[in-house]
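Last residue of the sequence shown: number 290 in my numbering, and the count goes up by one each step with no gaps. All C-beta atoms, glycine included, are put in the ideal place defined by N, C-alpha and C. What you are looking at is a predicted structure, and each value in this text was computed from that prediction instead of being measured. The next block holds one structure in the form of structure tokens; read it before the comments.
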Amino acid sequence: MDHMDQSAMVFFTLKHLKVGNSMPIYFPQKDSSSSPRLLPRDEAESIAFSLKSLPNLLRFFAFSEDSPQAKAMEGTLRECETESIKGEIKFCATSLESMLDFATNIFGNNDDFKIVATEHHTKSSTLFQNYTMLETPEEIPAPVMVSCHTKPYPYAVLYCHSQLTENKVFKVSLGGKNDDIVTAVAVCHMDTSQWNRNHVSFRVLGI
84 MDHMDQSAMV FFTLKHLKVG NSMPIYFPQK DSSSSPRLLP RDEAESIAFS
134 LKSLPNLLRF FAFSEDSPQA KAMEGTLREC ETESIKGEIK FCATSLESML
184 DFATNIFGNN DDFKIVATEH HTKSSTLFQN YTMLETPEEI PAPVMVSCHT
234 KPYPYAVLYC HSQLTENKVF KVSLGGKNDD IVTAVAVCHM DTSQWNRNHV
284 SFRVLGI
């Protein structure tokens, strides 16, 4: 565990979700004012978004091939183009409209859905620390779920996916060692049988 990338410390099992339990978690606070902007659909679709176009994209955004930005772009494009695992539907949204289209395809005509997100109640520059469970986690019924995560890219890219197998969603109140307070959204995938055995979550959890 000592050599594990701190940013991978975001995984848990159901047994971790108990009042008073402590665990190390990586919780970056995102400043919306400095985050990459979300492009309108027409602008996003005018820019190539594929691994084979990476050399042209690096010239377009004026990044050198060995720059950190280039490596981040390659990682995002590679993840977006990796084939979905069995029982998962995924999509990399490059605009708000395309994200909503994906969610609509998953939820269908059911407009009775709830949007939840992690909330930071204190400002902090500490990215990685021990957090303690302050209250009994609140389970949020989620027979169908779409999760979207921001990915590193010159403009906003959202990695959205939905697993057709059972998931449990919780709202969790956490207190950090440095007095940070976070209300986190925690998702437990109940069936990981189709996941790669080298998935980082298994290494982090030692399973």
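CB-CB length for K251 against C231, believed under 8 Å: In fact, because the Cβ distance is near 18 Å, the residues do not count as touching under 8 Å.
Measure the alpha-carbon distance for V283 versus A155 and round it to whole angstroms. 18 Å
The alpha helix (DSSP H) spanning N188 covers which residue range? 179 to 190
Where does S42 land, buried or exposed, given buried means 16+ other C-beta within 10 angstroms? Since the first residue shown for the chain is 84 and the last is 290, residue 42 is missing from the structure and cannot be characterised.
Apply the 10 Å Cβ neighbour rule to K101 and answer buried if 16 or more other Cβ atoms are within range, or exposed otherwise. exposed
Following the continuous alpha helix (DSSP H) through E157, name the residue where it begins and the one where it ends. 151 to 164
In three-state terms, what does DSSP make of N139? helix
First through last residue of the beta strand (DSSP E) which encompasses S230: 230 to 234
Provide the residue span of the alpha helix (DSSP H) that contains V240, from first to last. Note, V240: premise wrong, no alpha helix (DSSP H); beta strand (DSSP E) at 240 to 246.
Does A269 come out as helix, strand or coil in the three-state DSSP assignment? strand
Going by the beta-carbon positions, is the gap between I189 and S105 smaller than 8 Å? no
Rounding to the nearest angstrom, what Cα-Cα distance links E162 and A225 in this structure? 25 Å
Just tell me which of T96, L210, I172 has its CA closest to the CA of F185. I172
Those residues which DSSP pairs with T201 across a bridge: Beta-bridge pairing links T201 to no other residue.
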